[in-house]
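Notes follow once the structure below has been shown.
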Amino acid sequence: MKAKEIQELIDYISNSGLAEVKIKTDEFELSIKKYADQSFRAVEVAPAAPSPAPVQASAPAAPTESPKESAAESSSNLIEIKSPMIGTFYITPNPDSDPFVNVGDSVKAGQTVCIIEAMKLFNEIESEVSGKIVKVLVNNATPVEYDQPLFLVDPAG
426 MKAKEIQELI
436 DYISNSGLAE
446 VKIKTDEFEL
456 SIKKYADQSF
466 RAVEVAPAAP
476 SPAPVQASAP
486 AAPTESPKES
496 AAESSSNLIE
506 IKSPMIGTFY
516 ITPNPDSDPF
526 VNVGDSVKAG
536 QTVCIIEAMK
546 LFNEIESEVS
556 GKIVKVLVNN
566 ATPVEYDQPL
576 FLVDPAG
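Residue numbers (the working numbering): 426 to 582.
Shown next as structure tokens:
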């Protein structure tokens with residue numbers, strides 16, 4: 426990874442709201458942590474262990490629903506569509522378009538439900554399940570973390 430790419434990653438993370446990101450590949454290991462004074466420290470170590478590892482990110486997650494709602498929904502058979510990456514969540518293909526899906530819409534496996542922008546690349550996120558969208562858990566144009574729930578889907582719907 427080149428110095429310019431590292432700087433772009435740091436800039437992206439500073440705007441995303443994440444507190445820490447660790448990236449580990451065959452060639453290098455990179456750890457970026459945001460401190461309270463908003464400064465960053467990046468450490469690059471090469472070579473890394475031979476086994477590849479996925480990108481991991483950790484940051485304090487803002488609660489998106491009350492404990493009462495969470496308890497009620499966790500007891501049902503709802504399935505979460507989760508973010509496969511860190512980035513910025515968009516429910517529309519562009520600001521002037523309608524959302525990919527709305528609450529109450531039926532989705533099929535493989536149908537695009539949102540876009541996640543990561544490092545200036547727009548990645549279409551497809552539903553892994555068929556069913557009815559019960560709840561959108563993330564606001565448009567907000568940062569999301571790896572494995573963060575984005576939608577709740579009722580497979581019976």
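Yeah, the Cβ is synthetic: ideal placement off N, Cα and C, and Gly gets one too.
Keep in mind the model is a prediction, meaning the values are calculated, not measured.
For L575, the closest of N565, S522, D521 by C-alpha to C-alpha distance is N565. Residues of the same chain with a CB within less than 7 Å of the CB of Y437, apart from the 5 flanking positions on each side, are M544 in chain order. The Cβ atoms of E570 and I506 lie no closer than 8 Å to each other.
Counted as a single uninterrupted DSSP element, the beta strand (DSSP E) harbouring T537 occupies residues 537-543. Pairwise C-beta distances place the segment 525-535 in contact with the segment 554-561, as three or more of them are shorter than 8 Å. Distances from the CA of F453 to each of L443, E445, I431, I435 were compared; the closest alpha carbon is that of I431. Around the beta carbon of S508, 16 or more other beta carbons lie within 10 angstroms, which makes this residue buried. The Cβ-Cβ distance between P520 and L443 does not fall below 8 Å.
DSSP, read as helix, strand or coil, puts Y571 in coil. Around the C-beta of L455, 16 or more other C-beta atoms lie within 10 Å, and the residue is accordingly described as buried.
The beta carbon of V532 is closer than 7 Å to those of V526, V538, S552, S555, G556, I558, V578 in its chain, skipping five residues each way along the sequence.
For F453, there is no enclosing beta strand (DSSP E), as DSSP marks it with neither H nor E. For I506, the uninterrupted beta strand (DSSP E) segment begins and ends at 504-507.
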